[in-house]
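Read the structure below first, then the notes.
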Amino acid sequence: MSRDRNRNPSNWSKNWRYRWQPWVIPLLVIAFWQVSGWAGWLSQRILPTPWEVVKALVDVIGDGTLLAYVAISTKRAFLGFAIGGGVAFILGLLNGLFPVAERYLDSSVQMVRTIPHLAMIPLVIMWFGIGEPSKLFLVSLGVAFPIYLNTFHGIRSVDPGLIEMGRVYGLRRLSLFVKVILPGALSHILLGIRFSLGIMWLSLIVAETIAADSGIGYMATHAREFMQMDVVVLCVILYALLGKLSDLAAKWCERRWLQWHHHFAQS
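If you want it as structure tokens, here you go:
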């Protein structure tokens with residue numbers, strides 16, 4: 001029945017319009033940007049037109065620079081995310097499940113959380129230099145706290161009635177956690193992951209711009225030194241696209257893993 005409904009021409013037209021609506025404003029901005037450059041309202045030295053950025057894209061693809069630097073930056077970002085997110089998830093589980101662990105650990109975690117992780121860049125460079133460890137450390141530290149907080153509060157917000165019902169049905173410890181507690185906290189955990197993905201790219205941008213010899217941030221810094229504004233703008237757009245793709249992947253996981261949730265079932 002649902003397939004027949006989706007094949008209805010009116011429903012197909014409505015879905016097509018909904019898919020295009022998020023792109024209306026970006027396309028209008030790009031069009032205005034291009035027209036402003038053609039009309040001379042914007043100086044090419046300050047902000048190159050989209051067409052100039054496209055030509056820069058073709059150049060860096062042709063010499064192999066773009067793909068190599070995108071691969072390096074993506075590897076750094078997700079490796080740091082895996083390290084910081086993994087540690088944060090474990091701490092969130094411990095403190096959420098065991099009040100004794102919360103009393104020992106949560107206060108220290110909250111103290112570290114109040115320190116702006118990007119303010120530690122001078123100290124991190126002194127510790128690790130400008131190699132990979134410094135960038136991984138900054139990304140890991142940045143992504144950790146949203147995942148920790150959302151995991152901790154997600155577990156604590158699980159309905160006690162559901163936990164008691166699981167015990168009545170014979171669930172104990174691991175089975176109770178897997179079948180009741182984790183699904184109940186999953187929406188909070190995935191929300192923390194979405195927040196962390198944004199912070200992940202922000203941390204990497206700063207780290208690569210200040211201390212790097214490869215990656216998208218290094219490409220932007222190198223282009224700035226030679227006043228290649230089209231390449232600088234291209235790097236900014238690349239970071240934005242990578243961040244958007246990461247968020248789309250997180251939303252896809254939400255829809256796939258939370259089909260039982262009424263909010264996601266409606267969407």
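All the letters of the sequence shown, read from the start, carry residue numbers 1 to 267 under the UniProt record's numbering.
C-beta: ideal position from N, C-alpha, C; glycine also.
Just so it is clear, the structure is predicted and the values come from calculations on it, not from any experiment.
Looking only at C-alpha atoms, which of the options sits nearest to residue i?
i: I181; options: L79, L123, L238, V158; result: V158
i: I210; options: K135, G243, Y239, L238; result: K135
i: L238; options: I205, R224, F128; result: I205
i: T65; options: D213, I121, R45, E225; result: D213
Going by DSSP, what residue range makes up the alpha helix (DSSP H) through residue i?
i: T74; result: 65-97
i: H153; result: 132-156
i: R194; result: 182-210
i: W257; result: 229-257
i: I121; result: 121-128
i: residue 279; result: Shown here, the chain extends from 1 to 267; a query on residue 279 therefore has no answer.
i: P160; result: 160-168
i: I216; result: 216-225
Tell me which same chain residues have a C-beta within less than 8 Å of the C-beta of residue i, skipping the five on either side of it?
i: V143; result: G80, F81, G84, G85, A88, S196, L197, I199, M200, S203
i: M1; result: Its pLDDT being 45, under 50, M1 is placed unreliably in this model, and the value from its coordinates should be taken loosely. Within the same chain, M1 has no close Cβ partners at all.
i: L258; result: L186, S187, L190, F264
i: E132; result: R76
i: R3; result: The pLDDT assigned to R3 is 48, lower than 50, so where the model puts this residue is not dependable, and the model offers no usable value.
i: G247; result: It should be noted that the sequence gives Asp, not Gly, for residue 247. Contacts found: R194, L197, G198.
i: S73; result: L204, E208, G215, I216, G217, L242
i: Q44; result: G37, E52, M229
i: D106; result: N95, F152
Excluding the 5 residues preceding and the 5 following residue i in the sequence, name in chain order all residues of the same chain whose CB lies nearer than 6 Å to its CB.
i: D230; result: P48, E52, V53, A56
i: A207; result: K135, L138
i: G166; result: L176, V180
i: A101; result: L94, N95
i: T151; result: F89, G92, I189
i: C235; result: I216, M219, A220
i: G184; result: V158
Buried or exposed, going by whether 16 or more other CB atoms sit within 10 Å of the CB of residue i?
i: G161; result: exposed
i: G154; result: buried
i: L123; result: exposed
i: P146; result: buried
i: L245; result: exposed
i: F98; result: exposed
i: E254; result: buried
i: Y218; result: buried
i: L67; result: exposed
i: S140; result: buried
i: Y104; result: exposed
i: V233; result: buried
i: V60; result: buried
With a threshold of 7 Å on Cβ separation, who are the neighbours of residue i within its own chain once the five nearest residues in sequence on each side are excluded?
i: P50; result: I30, W33, Q34
i: A250; result: L190, I193, R194, L197
i: T221; result: T209
i: V168; result: none
i: I125; result: S134, A211
i: R113; result: F145
Checklist entry - Taking three-plus beta-carbon pairs below 8 Å as touching, is the stretch 222-229 in contact with the stretch 88-105? => result no
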